[in-house]
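Chemist: I am attaching a structure below and will ask some questions about it afterwards.
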Amino acid sequence: MSKRIINRNNAIKELSKQSSEFVVVENPSYIYPKYEIFPLAKKNKTPLNKVIATVMDMDGTTTTTEVLCIHSLEYMIRRISGKMNVNQWVGFDPLNDFPNIIGNSTTKHVEYLINTYKSMIIKSEAQKCFIESAIHTLVEGKDEGRKSEVKNNLITLGCNGLTSEKFIVEFQTSKPTQKNYYDFIKHAVGKYSRYVTLNRTEDYVRIGIDIYYQRYHEILKRLLRGESQKIISELNLNSGKHLVEPMPAIGIFLALVKGLLGKDAAKFSIIIAEIVTKRNPKLKINIEKLSKHLETLGILFQKKPIKIAVVTSSISYEADIVLGEVFKVIQDEIKTWLLPISKKNKLIEIFSDHNKFYDAVVTASDSNEIRLKPHRDLYSIALNKLSIPIIDFNKVIGFEDSESGLIAMRAAGIGNCVAVPFTQTSGHNFKAASLIAKNGVADILVKF
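Quick note: the sequence shown uses the working numbering, first residue 34, plus one each step.
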C-alpha cells in the first residue's frame with residue numbers, strides 16, 4: 034500500500050477523481066480531525082437489471098427496536114436531570130431531536146442530547162446515576178465489551194476503586210441477594226459519586242452512554258424472559274403486538290429474495306397491497322397485475338437467490354437478542370401464510386436461526402464506536418463479508434431508515450440505496466437516497 038503526504042491542492046485533485054459528490058462528516062468532539070470528507074458513490078435512480086445482494090439496516094428498517102433506543106436515550110436524560118415524569122419534562126421534541134438521535138452512533142446521539150439539554154442536567158444526579166449504572170453493568174451485564182468500557186470510564190472519571198470492591202469481586206463466583214445488591218449500591222453511591230469528575234462535555238457523554246446501555250440492556254434482559262407485553266404496558270411504548278417485531282413485509286421480502294417462495298410469491302399480493310395503501314387509501318393497486326409481478330419475482334429469485342447482510346450500529350449482544358426475537362415473530366407469521374403445510378414447515382425451520390439465515394451480520398462490535406454510521410465502515414465490512422468485488426457494488430441494493438445510514442451506504446460505494454422512513458425518521462433529510470419507499474420494502478416489491 035503506497036503512502037504519501039500531499040499538499041491541499043493535490044488533495045483536492047485526488048478527491049475530485051473519486052466522485053462529483055462529497056459529504057462532510059463531523060467526528061465526536063474528542064476525535065481528531067474535527068470532521069472528515071468522504072466521496073460518495075454515484076446515485077443510481079434507474080431500475081437494476083441484476084441484483085446480487087442486499088444490505089439492510091436493523092433498527093427501524095428491519096425491526097421496530099428504534100422505539101426502545103429512543104426510550105433508553107430519554108431515560109438517560111431524565112436520570113441525569115432528575116426529571117423522571119412528564120410533568121417535570123415532557124420529553125423529546127420529535128421534530129428537532131429525532132433527526133439527531135436516530136441513525137448515528139450512540140456517542141453522537143448522546144453528545145447531541147448532552148449539548149441540547151445541558152441546562153437541565155444536575156451534576157450530583159449525573160454522578161449518582163453513573164455509579165448505579167456502572168454497578169449494574171459490572172454485576173449483571175452480559176456483554177464483556179461493555180464491562181470493559183465501564184471499567185475504563187471509572188478509571189478516567191476518578192472512581193477506579195469501585196472495581197476492586199469486595200462485593201464486585203465476590204459476585205464473579207456467587208450471585209448476591211437482592212437486599213445485598215441494593216445495600217451495596219447505596220454504599221457505593223455514598224462512597225464514590227462525589228468523586229466522579231465531570232468537568233467537560235466529554236465526561237457527561239461517557240456517563241450518558243453507560244446509562245443508556247444499562248437501560249437498554251435491562252429491557253432486553255426482560256424481553257428474553259418473555260415480558261414483552263408487560264414492558265409495553267409499563268413504559269407506555271407505541272409498539273405493535275410485540276415489543277420487538279419485524280417492520281411490515283420484512284418476512285415476505287427476506288423469504289422472496291432468498292428464493293424461498295418461488296411462484297407462491299403471488300399469494301402475497303393482497304398483503305402487500307394492504308401495506309402500501311395503508312398510508313395512502315386513495316392509491317389503487319391492480320391485484321391481478323401485482324400477483325403476476327410477484328410470481329415473476331419469486332421465480333427469478335428462486336433461480337438466482339441473492340446474498341443478504343444486516344448492518345447495525347448496535348453491538349452484537351443487542352443485535353443477537355433483537356434479531357432472535359424478530360425471527361420468532363416471522364416464524365409465527367409464516368404459520369398464517371397461504372402456503373402448503375410442507376413449505377411452511379420448511380420456511381419455519383429456515384427462519385429458526387438468524388445467524389444461519391443471513392450471509393453476514395455486521396454490528397458495532399465489528400468496528401468501533403468512533404467509526405459507526407455515517408462513516409462507511411460497517412457497510413464496507415458487510416460488502417467484504419459478502420465477498421462482493423468493487424466492480425459489482427452497482428448490483429447491490431441497500432435499505433436504510435436514516436440520513437446517516439444512507440450516507441454511510443453511499444460512502445461505502447453503494448449507489449442503489451433506498452430510504453425506508455418510518456414515523457420517527459420522517460423528518461430526516463433523504464437527499465442521499467436513490468429512492469424513497471414510504472411504506473418500506475413493500476413499496477419495492479410493488480415497483481421492483
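All C-beta atoms, glycine included, are put in the ideal place defined by N, C-alpha and C.
This structure is a prediction, so every number in the text was calculated from the model and none was measured.
Could you give the C-beta distance for MET91 and ALA352, rounded to a whole number, given that I count them as a contact under 8 Å?
Modeler: Within the sequence shown, the letter at position 58 stands for residue 91. Within the sequence shown, the letter at position 319 stands for residue 352. Between ALA352 and MET91 the Cβ distance is about 6 Å, and since that is below 8 Å, they are a contact.
Chemist: Quick check on the DSSP output: the alpha helix (DSSP H) that includes LYS46 runs from which residue to which?
Modeler: Residue 46 sits at position 13 when you count from the first residue of the sequence shown. Its alpha helix (DSSP H) spans residues 41 to 51.
Chemist: If we count the other Cβ atoms within 10 Å of its Cβ and call it buried at 16 or more, is MET117 buried or exposed?
Modeler: For the purposes of this step, residue 117 is taken as residue 84 along the sequence shown, with counting starting at 1. Looking at its Cβ environment, which holds fewer than 16 other Cβ atoms inside 10 Å, MET117 is exposed.
Chemist: With which residues is PHE455 paired in a DSSP beta bridge?
Modeler: Here residue 455 refers to the residue found at position 422 when the sequence shown is read from its first residue. Looking at the DSSP assignment, PHE455 forms no beta bridge with any residue, so it has no partner.
Chemist: Are the stretch 447 to 454 and the stretch 105 to 125 touching by the rule of at least three beta carbon pairs closer than 8 Å?
Modeler: Because the criterion of three Cβ pairs below 8 Å is not met, the stretch 447 to 454 and the stretch 105 to 125 do not touch.
Chemist: What would DSSP say about THR369, mapped onto helix, strand or coil?
Modeler: What you label residue 369 is simply residue 336 of the sequence shown in a count that begins at 1. Coil.
Chemist: If I measure Cβ to Cβ from MET280 and keep anything under 8 Å in the same chain, skipping five residues before and after, which residues do I get?
Modeler: Taking the first residue of the sequence shown as position 1, residue 280 is located at position 247. Cβ neighbours of MET280 beyond the five flanking positions: GLY93, THR94, THR95, THR96, THR97, VAL453, PHE455, GLY473 and VAL474.
Chemist: Do ASP392 and ILE354 have their C-beta atoms within less than 8 Å of each other?
Modeler: As a first step, residue 392 must be located in the sequence shown, where it is residue number 359. As a first step, residue 354 must be located in the sequence shown, where it is residue number 321. For ASP392 and ILE354, no; Cβs fall outside 8 Å.
Chemist: What residue range does the alpha helix (DSSP H) around PRO281 cover?
Modeler: Your numbering for residue 281 matches position 248 in the sequence shown. Careful: PRO281 lies outside any alpha helix (DSSP H) and carries neither H nor E.
Chemist: According to DSSP, simplified to helix, strand and coil, what is ALA470?
Modeler: As a working mapping, residue 470 is identified with position 437 in the sequence shown. Note: ALA470 maps to coil in three-state DSSP.
Chemist: Could you give the uninterrupted runs of the alpha helix (DSSP H) lying entirely in the stretch 84 to 124, keeping only those of 4 residues or more?
Modeler: Runs found: 99 to 114.
Chemist: Could you confirm whether any beta carbon from chain D is found closer than 8 Å to the beta carbon of VAL474?
Modeler: Checking the listed chains, one finds no chain D in this structure; it contains a single protein chain.
Chemist: CA-CA distance, GLY292 and LYS337?
Modeler: On the sequence shown, residue 292 is found 259 positions in, with the first residue counted as 1. On the sequence shown, residue 337 is found 304 positions in, with the first residue counted as 1. Taking the straight line from one Cα to the other gives about 7 Å.
Chemist: Does DSSP classify PHE217 as helix, strand or coil?
Modeler: As a first step, residue 217 must be located in the sequence shown, where it is residue number 184. Three-state DSSP puts PHE217 in a helix.
Chemist: Should SER166 be labelled buried (16 or more other beta-carbon atoms within 10 Å of its own) or exposed?
Modeler: By 1-based counting over the sequence shown, the position of residue 166 is 133. That one is buried.
Chemist: Assuming GLU182 contacts PRO61 (C-beta within less than 8 Å), just tell me the rounded distance between them.
Modeler: By 1-based counting over the sequence shown, the position of residue 182 is 149. By 1-based counting over the sequence shown, the position of residue 61 is 28. That belief does not hold up - the Cβ atoms of GLU182 and PRO61 are roughly 14 Å apart, past 8 Å.
Chemist: How would you label ARG409, buried or exposed, when you count the other beta carbons within 10 angstroms and need 16 or more for buried?
Modeler: Position 376 of the sequence shown, counting from 1, holds the residue named residue 409. It is buried - the Cβ of ARG409 has at least 16 other Cβ atoms within 10 Å.
Chemist: For the alpha helix (DSSP H) containing VAL58, name the first residue and the last one.
Modeler: Locating residue 58 in the sequence shown gives position 25, counting from the first residue. Per DSSP, VAL58 belongs to no alpha helix (DSSP H); it is in the beta strand (DSSP E), 55 to 59.
Chemist: What residue range is occupied by the uninterrupted alpha helix (DSSP H) comprising ALA441?
Modeler: On the sequence shown, position 408 is the one that residue 441 refers to. Taken as a continuous stretch (DSSP letters only), the alpha helix (DSSP H) holding ALA441 covers 436 to 444.
Chemist: By the 10 Å Cβ neighbour count, where 16 or more other Cβ atoms means buried, how is ARG312 classified, buried or exposed?
Modeler: Within the sequence shown, residue 312 is the residue found at index 279, counting from 1. So ARG312 ends up on the exposed side.
Chemist: Of all the options GLY446, LYS36, LYS389 and GLN160, which has the alpha carbon lying nearest to the alpha carbon of LEU190?
Modeler: The residue given as residue 190 occupies position 157 in the sequence shown. Among GLY446, LYS36, LYS389 and GLN160, the Cα nearest to that of LEU190 belongs to GLN160.
Chemist: Which residues does DSSP pair with PHE71 in a beta bridge?
Modeler: Here residue 71 refers to the residue found at position 38 when the sequence shown is read from its first residue. VAL56, per the DSSP bridge assignment.
Chemist: Between PHE463 and the rest of its own chain, which residues show a CB-CB distance below 8 Å, the 5 nearest in sequence each way excluded?
Modeler: Along the sequence shown, one-based indexing puts residue 463 at 430. Only GLU436, LEU439, ALA452, PRO454 and ILE469 meet the Cβ criterion.
Chemist: According to DSSP, is ASN449 part of a helix, a strand, or is it coil?
Modeler: Within the sequence shown, residue 449 is the residue found at index 416, counting from 1. Here ASN449 sits in strand by DSSP.
Chemist: Tell me where the beta strand (DSSP E) around LYS296 begins and ends.
Modeler: For the purposes of this step, residue 296 is taken as the residue at position 263 of the sequence shown. Per DSSP, LYS296 belongs to no beta strand (DSSP E) and is neither H nor E.
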